[in-house]
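Participant:
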Amino acid sequence: MIDVSELRIDYDDFCAVRDVSLKVNAGEVCGLIGPNGAGKTSIMRAIVGLLEPTYGSIRIAGIDAREQPDDAQKVIGFMPDFAPVYEDLKCWEFLDVFAAAYKIPKSIRARRVDEELARVSLTEKRDVPAGTLSRGMRQRLTLAKTLLPDPKVLLLDEPASGLDPNARIELKQIIRVLASEGKSVLVSSHILSEMSEFCTSVAIMEKGRMVVHGTIAEVQARFAEGTDLLIQVLDRGEELASWLNAYEGVTLVTPESDPRSVHVKLTSTEDSDVADLLAELCSAGFRVISFAPRRVGLEDLFLKVGAREVS
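Numbering (the working numbering), first residue to last: 2 to 312.
Okay, here's the thing in structure tokens:
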């Protein structure tokens, strides 16, 4: 578990992180979101012990990271952005060097190396020089290095940066598995569209402050402004938008690329009002084939949070 309380980080006269509190339980993946300069990397570096905060407490798996930094570091795996690899070493050799540095017993070192190569789907590259790997494969190799000591807590700083779509999909799958094993995972990223696919919670930073922290559902509910719906009918699509525009309680009707579909915003968040709209549509003769909440993406949440909490 990661438990950060009232954390402040100053660089001379500049306050990079101001009174931030954050919790990530075992089995959770928390997305640390914010623009460049928001304080994300400073928080991670303070948790790992690479910089001393001005004040605040940091507990990692029950260990006071400021009072017992060596013990805390034994349960943390940190993958920084653009982590280098030793290009002349074969992949297994690169991992073996770090396995020795982590003081993994020699009797199980080869097995641990092969296990982590398999976890990140690099078994076939075992004997290939690390310098010949693609960017995505290098990221996976660095993640395998981070996982060698089997840390309880993982900090991943922009792990998907520069990766192609296939590499990002593979990374998301690995992160899901790690969380299912009971690890606490804190991921910093600016690729908001994909964070909601594997994060169980988000922490949104702006100008050094934590402006909101909670599960994605909690944050969506907190900043909900009515109900977003995606409606599709079998036919009479050209009439649907006109009918909805005249319906009391509808504030926005936006046609989708499919002429039979529209995005609708209701002022109400009550289930009964949503159900009434569906019933009225059917009564008006529309043959509804899809009537579902339109998922609010993290980009939309970030914009809403920035507008309502920061300005």
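Yeah, the Cβ is synthetic: ideal placement off N, Cα and C, and Gly gets one too. Bear in mind that the values here come from a model prediction, so they are computed numbers and not experimental data.
(1) Can V188 and P160 be called in contact, C-beta distance under 8 Å?
(2) Could you tell me which uninterrupted alpha helix (DSSP H) segments, each at least 4 residues in length, are contained entirely in the segment 75-141, listed from first to last along the chain?
(3) Measure the alpha-carbon distance for H191 versus A204 and round it to whole angstroms.
(4) Between the Cα of S162 and those of S181, A62 and R139, spot the shortest distance and give me the residue it belongs to.
(5) With distance defined between alpha-carbon atoms, name the residue in K126, S258, D236 and D259 nearest to C283.
(6) What's the gap between the Cα of G183 and the Cα of Q69?
(7) What's the call for I10, buried or exposed, on a 16-neighbour Cβ count within 10 Å?
(8) Would you tell me roughly how many angstroms separate the C-alpha atoms of A308 and S135, rounded to the nearest one?
(9) So which of P54, Q74, M45 and I109 has the shortest CA-CA distance to D82?
(10) Sort T201, E239 and R210 by Cα distance to Q221 and report the nearest one.
(11) Closest to A218 by C-alpha separation, out of R210, E198, V275 and L155, would be which residue?
(12) So the candidates are E281, I34 and A73; which of them puts its Cα closest to the Cα of M196?
(13) So what's M211 in DSSP terms, helix, strand or just coil?
(14) Leaving aside the five residues before and after F287 along the sequence, list all residues of the same chain whose C-beta is less than 7 Å from its C-beta, in chain order.
(15) Indicate whether the contact test is met: 3 or more Cβ pairs, each with one atom in the segment 223-232 and one in the segment 253-273, closer than 8 Å.
(16) Is the Cβ-Cβ distance between Y87 and F95 less than 8 Å?
(17) In the DSSP output, what is H264 paired with across the bridge?
(18) Should the segment 138-154 be called in touch with the segment 91-107, which here means at least 3 C-beta pairs below 8 Å?
(19) Helix, strand or coil for K24? Go by DSSP, reduced to three states.
(20) Who are the near neighbours of S6 in its chain, counting only those whose CB is closer than 7 Å to its CB and skipping five residues on each side?
(21) How long is the line joining the alpha carbons of V121 and S43, rounded to whole angstroms?
(22) Compare the Cα-Cα distances from L172 to each of V129, L123 and A131 and report the closest residue.
(23) Might you give, ordered along the chain, the residues of its own chain that have their beta carbon closer than 6 Å to the beta carbon of L157, omitting 5 neighbours on each side?
(24) With D158 as the anchor, note down where its beta strand (DSSP E) starts and where it stops.
(25) Please report the distance separating the alpha-carbon of V186 from that of G215.
(26) Out of curiosity, what's the CA-to-CA distance linking A180 and E271?
(27) For the beta strand (DSSP E) that contains A293, what are its first and last residues?
(28) Taking Cβ positions, are M206 and K24 nearer each other than 8 Å?
(29) Return yes when the Cβ of D128 is within less than 8 Å of the Cβ of V91, no when it is not.
(30) Going straight from the alpha carbon of R290 to that of A47, what length do you get?
(31) So the alpha helix (DSSP H) G238 belongs to, where does it begin and stop?
Facilitator: On the basis of the supplied data:
(1) For V188 and P160, yes; Cβs fall inside 8 Å.
(2) Within the segment 75-141, the alpha helix (DSSP H) runs of at least 4 residues that lie entirely inside it are, in chain order, 92-102 and 107-120.
(3) One C-alpha to the other measures close to 12 Å.
(4) Closest by alpha carbon: R139.
(5) Selected option, being the one with the closest Cα: D236.
(6) In a straight line, the C-alpha of G183 is about 23 Å away from that of Q69.
(7) Looking at its Cβ environment, which holds 16 or more other Cβ atoms inside 10 Å, I10 is buried.
(8) For A308, the pLDDT reaches just 47, beneath the cut-off of 50, and the residue's location in the model is therefore unreliable, although a value from the coordinates is still provided. Each residue's Cα considered, the two are about 39 Å apart.
(9) Minimum Cα-Cα distance from D82 among the listed residues P54, Q74, M45 and I109 corresponds to M45.
(10) Closest option to Q221, Cα to Cα, is T201.
(11) The residue with the shortest Cα to Cα distance from A218 is E198.
(12) Of E281, I34 and A73, the residue nearest in Cα terms is I34.
(13) Collapsing the DSSP output to three states places M211 in a strand.
(14) For F287, where only same-chain residues beyond five positions count, the Cβ hits under 7 Å are V234, R237 and L241.
(15) Between the segment 223-232 and the segment 253-273, the count of Cβ pairs shorter than 8 Å is three or higher; the stretches touch.
(16) Their beta carbons are under 8 Å apart, which means Y87 touches F95 by this criterion.
(17) As a beta-bridge residue in DSSP terms, H264 pairs with L231 and T255.
(18) Yes, they touch.
(19) In the structure shown, K24 sits in a strand (DSSP, three-state: E or B).
(20) Closer than 7 Å at the Cβ level, and outside the excluded window around S6, lie S22, G57 and S58.
(21) Cα-Cα distance, rounded: 27 Å.
(22) Of the listed residues, the one whose Cα sits closest to L172 is L123.
(23) Cβ neighbours of L157 beyond the five flanking positions: M80 and V188.
(24) Secondary structure note for D158: its beta strand (DSSP E) is the uninterrupted segment V154 to D158.
(25) About 14 Å.
(26) If you draw a straight line from the Cα of A180 to the Cα of E271, it comes to about 34 Å.
(27) Run containing A293: V289 to P294, per the beta strand (DSSP E) assignment.
(28) Cβ atoms of M206 and K24: not closer than 8 Å.
(29) First, the amino acid is wrong: residue 91 is Lys here, not Val. Yes, Cβ-Cβ distance for K91 and D128 is below 8 Å.
(30) According to the sequence shown, residue 290 is Ile rather than Arg. In this structure, the alpha-carbon of I290 lies about 51 Å from that of A47.
(31) Run containing G238: G238 to N246, per the alpha helix (DSSP H) assignment.
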